[in-house]
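K.L.:
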Amino acid sequence: MVTVSEVKRWNAAALNEIATTMQQREQVLINSGDDFGKIMPVDGWTGGAADDAGSAHRLLHFRIDKMAAGASVVHKALMQASDAIPAVQNAIHAAENLAEKYGFKVGDGGQLTDAWAGKALPQDMHPEDRARAQQQIIDDVA
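Numbering-wise (the numbering used here), the sequence shown opens with residue 67 and increments by one.
1. Could you work out which residue in Arg-91, Gly-120, Ala-165 is closest to Trp-182 when comparing CA atoms only?
2. Nearest CA to the CA of Val-94: which residue from Asp-118, Ala-135, Gly-114?
3. Closest to Tyr-168 by CA distance: which of Gln-146, Thr-112, Ala-208, Pro-193 is it?
4. Rounded to whole angstroms, what's the CA-CA distance from Val-139 to Leu-81? Just pull it up for me.
5. Per DSSP, what kind of secondary structure is Asp-180 in: helix, strand or coil?
6. Buried or exposed, going by whether 16 or more other CB atoms sit within 10 Å of the CB of Gly-99?
7. For Lys-171, which three-state DSSP category applies?
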């Protein structure tokens with residue numbers, strides 16, 4: 067399980083940089099596949115060796131296309147993760163701020179502890195508001 071402190075250290079910029087590199091590699095594969103697809107075995111070449119060369123050419127072209135498709139999937143997944151990190155970090159930060167306001171503490175494992183257990187609540191704090199805040203914090207951290 068990922069800890070709260072680990073999530074706070076996630077680096078969206080670094081992940082975005084990796085995604086950009088992956089996109090560049092994807093483009094290299096696409097361009098290489100396009101170039102490779104234009105190269106045909108020697109015109110007029112016939113026989114078993116020519117058939118084998120043509121089969122090998124098609125297989126290699128298929129593999130390049132498959133690698134490019136895989137690189138595209140990885141690139142998109144990296145971008146989605148990179149885009150999601152700030153929202154997750156903001157949710158944790160907001161949950162920690164709310165916890166502090168209502169006398170709770172968010173542990174590194176996501177558990178919520180009551181810093182005011184056994185103590186009287188501040189006069190301006192309604193127990194139902196505190197209970198709602200507690201549930202909100204639990205939901206946000208989850």
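Glycine residues also receive a C-beta, built at the ideal position from the N, C-alpha and C atoms.
P.N.:
According to the structure data:
1. The count along the sequence shown starts at 1 and reaches residue 182 at position 116. If we check each option's Cα against that of Trp-182, Ala-165 comes out closest.
2. One-based indexing of the sequence shown puts residue 94 at position 28. The option with the nearest alpha carbon to Val-94 is Ala-135.
3. For the purposes of this step, residue 168 is taken as residue 102 along the sequence shown, with counting starting at 1. That would be Pro-193, whose Cα lies nearest to the Cα of Tyr-168.
4. The residue given as residue 139 occupies position 73 in the sequence shown. The residue given as residue 81 occupies position 15 in the sequence shown. Rounded to the nearest angstrom, the two C-alpha atoms are 15 Å apart.
5. Position 114 of the sequence shown holds residue 180. Assigned with DSSP and collapsed to three states, Asp-180 falls in strand.
6. Numbered from 1 along the sequence shown, position 33 holds the residue referred to as residue 99. Answer is buried; the Cβ neighbour count reaches 16.
7. Mapped onto the sequence shown, residue 171 falls at position 105. Three-state result, Lys-171: strand.
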